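Numbering (our numbering), first residue to last: 54 to 442.
Glycine included, each C-beta is placed from N, C-alpha and C at the ideal position.
Treat the numbers as computed from the prediction; the structure is a model and nothing was measured.
In what follows, a structure is listed as C-alpha cells, so that the remarks can point back to it.
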Ligand code: SAH
Ligand code: SF4
C-alpha cells in the first residue's frame with residue numbers, strides 16, 4: 054500500500070500538532086511560510102495549498118478576524134487554527150481628518166512603537182501612504198522623519214497590517230464571498246513613502262507587497278504600488294526582480310555636492326551610480342516609467358540651471374518628475390520655493406518632454422504631508438526635553 058492511502062499515515066498526518074513557539078501571527082506570512090506552518094500543524098500536504106488560499110481570502114479579501122467565521126473550513130480545523138495562530142494587527146491610537154479629507158492615523162505596533170499612516174482621497178483613486186520602519190537610519194536634512202533615530206524595522210505583518218486597518222476605517226471590506234472586482238475601491242493605491250527607507254527593510258517590505266499584490270491577498274495590481282527609495286543602489290535591481298512594483302526615487306538635486314547635503318546616502322552611492330541602476334529598472338521590472346521625486350527648496354536646488362541639468366541627467370530613462378513643494382516642520386532648515394519658481398522649474402522639464410506634476414500638499418493642517426511624519430511619542434519626548442532645558 055502506498056503511504057498516501059495508508060490509513061495510519063493519514064491519521065498521523067491529520068493529528069494537530071502545536072507549533073513549537075506558540076501562536077504565530079498569520080498576518081504577513083508569505084504563501085510558502087503559511088503553507089509550511091499549516092503542514093507543521095498537521096494539515097495534509099496535499100491540502101495545504103488550498104487551505105492557504107482559503108485562509109488568505111478570509112483574512113485579506115473579506116477582513117475576517119476570527120477563525121471561527123471561516124465557514125468553508127471544518128469546525129475542527131478552525132479550532133486548530135485558533136490554537137496555533139493569531140490574527141494580529143496594528144492598533145489605531147489616533148485618527149485625524151484634514152479639511153481636505155486626508156486621514157492620518159497613528160498606529161501602535163508590538164513593543165509600544167508607533168508609526169504614521171496617511172490616506173489621501175482623490176477623485177479617481179485613494180492612496181495609502183504606509184511606513185516601513187519606525188524612524189529612519191538616514192538623515193536627509195529636509196525630512197522630519199530623518200531627525201528621528203531608527204527604532205526598528207517593521208515586520209511584514211505590520212506593513213500589510215497598516216493596509217488592513219485603513220480598510221477597516223474606510224469600511225470597505227466586501228461581504229464574505231463577494232469578489233474583489235465588484236465595487237470601486239476606496240483604497241486603490243499604495244505608496245511606500247511614509248516613515249523609513251523601504252530598501253533597508255527589504256525582505257519584510259517584499260513579503261508584505263507580495264500579499265498586497267496577490268489575487269487571493271489584498272489584490273492590488275503591482276502598477277498601483279509605488280516604492281520610494283532615497284537611492285539604495287544595490288537593492289534596486291532586487292526590487293525589480295523580487296517585487297516588480299513601480300519605483301520612485303528621492304532625487305532632489307542635480308549635483309553630487311548638493312545631493313550629498315540633502316540626501317547623505319549620496320556619498321555612498323552618488324548620482325552616476327544611482328542613474329545606472331535606474332536605467333536598468335524598467336526593463337527588469339517591466340514597468341513603464343520611474344518617478345523622480347524632487348523637493349523644491351528655496352535657493353538650494355530650484356534654479357533654471359538645476360532644471361536643465363536634471364533633464365540632461367535623466368535622458369533616456371522613461372520618467373515622470375514629481376515636484377514636491379517643501380513641507381515645513383518645526384525647526385526645518387529650509388523654506389519652500391515660491392510658486393512662481395516651482396512653475397518655472399516645472400515648465401522647463403515639461404518642455405523637455407517629461408510630465409512634471411506639482412504635488413499638491415495634502416493634509417498639511419494635520420502634519421500629514423510628505424516628510425512631516427514623525428512619531429507622536431518622539432514629538433512628546435522632544436517637547437519634554439525642551440521644557441526641561
Ligand atoms: N525613505 C524613502 C521614502 C519615504 S520619504 C525616501 O526617502 O524615498 C517620501 C518622500 O517624501 C521622499 O521623496 C522624501 O524625499 C520626501 N520628503 C521628505 N521630507 C519632505 C519634506 N519636508 N517636504 C517634502 N517632501 C519631503
Ligand atoms: Fe529617511 Fe526617506 Fe526621510 Fe531620507 S527622506 S530621512 S530616507 S524617510
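- Sequence-distant residues of the same chain with beta carbon closer than 6 Å to residue 148, five excluded per side: Correct list, in chain order: 158.
- Item | Reference residue 143; option with closest CA among 225, 95, 212 | That would be 212, whose Cα lies nearest to the Cα of residue 143.
- Query: Is the CB of residue 196 under 8 Å away from at least one CB in chain B?
  - Reply: No chain B is present in this structure, which holds just one protein chain.
- Query: If we count the other Cβ atoms within 10 Å of its Cβ and call it buried at 16 or more, is residue 121 buried or exposed?
  - Reply: Residue 121 counts as exposed, since fewer than 16 other beta carbons sit within 10 angstroms of its beta carbon.
- Task: May I ask you to report which of helix, strand or coil DSSP gives residue 149?
- Result: Note: residue 149 maps to strand in three-state DSSP.
- Query: For the 8 Å Cβ check, are there 3 or more pairs between the stretch 109 to 117 and the stretch 213 to 230?
  - Reply: The stretch 109 to 117 vs the stretch 213 to 230: in contact.
- residue 284 versus residue 319: straight-line alpha-carbon distance, rounded: Going by the C-alpha atoms only, they are around 7 Å apart.
- Apart from the five residues just before and just after residue 419, which ones in its own chain have a Cβ nearer than 6 Å to its Cβ? Counting only Cβ-Cβ distances below 6 Å, and skipping sequence neighbours, we find 149, 151, 157.
- Query: Can you list, in chain order, the residues of its chain whose CB lies under 7 Å from that of residue 202, leaving out five sequence neighbours each side?
  - Reply: Hits under 7 Å: 188.
- Query: Under a Cβ-count criterion, where at least 16 other Cβ atoms within 10 Å of its own Cβ denotes burial, should residue 250 be classed as buried or exposed?
  - Reply: Answer is buried; the Cβ neighbour count reaches 16.
- Could you have a look at residue 76 and say whether DSSP puts it in helix, strand or coil? Three-state result, residue 76: coil.
- Query: Leaving out the 5 sequence neighbours to the left and right, which residues in its chain are closer than 8 Å to residue 164 when beta-carbon positions are compared?
  - Reply: Only 205 meet the Cβ criterion.
- Query: Any chance the CB of residue 380 is under 7 Å from a heavy atom of ligand 1?
  - Reply: Because some heavy atom of ligand 1 lies under 7 Å away, the Cβ of residue 380 counts as near it: yes.
- Message: Following a CB-centred definition, is residue 262 positioned closer than 7 Å to any heavy atom of ligand 1?
- Response: Incorrect: residue 262 has no Cβ contact closer than 7 Å to ligand 1.
- May I ask you to check if the CB of residue 343 is nearer than 7 Å to at least one heavy atom of ligand 1? Result no, Cβ not under 7 Å from ligand 1.
- Task: Rounded to whole angstroms, what's the CA-CA distance from residue 260 to residue 153? Just pull it up for me.
- Result: Straight-line Cα distance between these residues: approximately 33 Å.
- Message: Can you tell me whether residue 204 sits near ligand 1, meaning its C-beta is under 7 Å from at least one heavy atom of the ligand?
- Response: Incorrect: residue 204 has no Cβ contact closer than 7 Å to ligand 1.
- Message: Would residue 307 and residue 350 qualify as a contact pair, given that the criterion is a beta-carbon distance under 8 Å?
- Response: No, they are not a contact pair.
- Taking the alpha carbon of residue 516 as the point to measure from, which residue in 277, 305, 183 has its own alpha carbon closest? The requested residue 516 is not part of the displayed model; the chain covers only 54 to 442.
- Message: Can you give me the C-alpha to C-alpha distance between residue 401 and residue 208, rounded to a whole angstrom?
- Response: Each residue's alpha carbon lies about 42 Å from the other.
- Compute the Euclidean distance between the alpha carbons of residue 271 and residue 328, then round it to the nearest angstrom. Going from the Cα of residue 271 to the Cα of residue 328 covers about 32 Å.
- Query: How about the stretch 124 to 141 and the stretch 166 to 177: do they share at least three Cβ pairs that are nearer than 8 Å?
  - Reply: Proximity of the stretch 124 to 141 to the stretch 166 to 177 falls short of the contact definition, fewer than three beta-carbon pairs being nearer than 8 Å.
- Message: Can you look up residue 44 in the DSSP assignment and give me helix, strand or coil?
- Response: Not covered by the structure: residue 44. The range shown for the chain is 54 to 442.
- residue 346 CB to nearest heavy atom of ligand 3 below 7 Å: This structure lacks ligand 3; its bound ligands are ligand 1 and ligand 2.
- Taking only runs that begin and end inside the stretch 100 to 165, name each unbroken alpha helix (DSSP H) of 4 or more residues, in chain order. Here the runs fully enclosed are 128 to 137.
- Task: Helix, strand or coil for residue 304, going by three-state DSSP, please let me know.
- Result: The three-state secondary structure of residue 304, taken from DSSP, is coil.
- Closest Cα partner of residue 336 within the set 220, 293, 195, 263: In this structure, 293 is the residue among 220, 293, 195, 263 with its C-alpha nearest to the C-alpha of residue 336.
- Nearest neighbour of residue 214, chosen from 175, 264, 179, 252 [CA to CA]: Ranking the options by Cα distance to residue 214, first place goes to 264.
- Query: Which residue from 210, 104, 175 puts its Cα closest to that of residue 127?
  - Reply: Ranking the options by Cα distance to residue 127, first place goes to 104.
- Taking C-beta to C-beta, are residue 385 and residue 330 nearer than 8 Å? Not in contact: residue 385 and residue 330 (Cβ atoms no closer than 8 Å).
- Message: Please return the same chain residues whose Cβ sits closer than 6 Å to the Cβ of residue 254, not counting the five positions on each side in sequence.
- Response: Setting aside the 5 residues that flank it on each side, residue 254 is surrounded in the same chain by 185, 186, 206, each with a C-beta closer than 6 Å to its C-beta; the list follows chain order.
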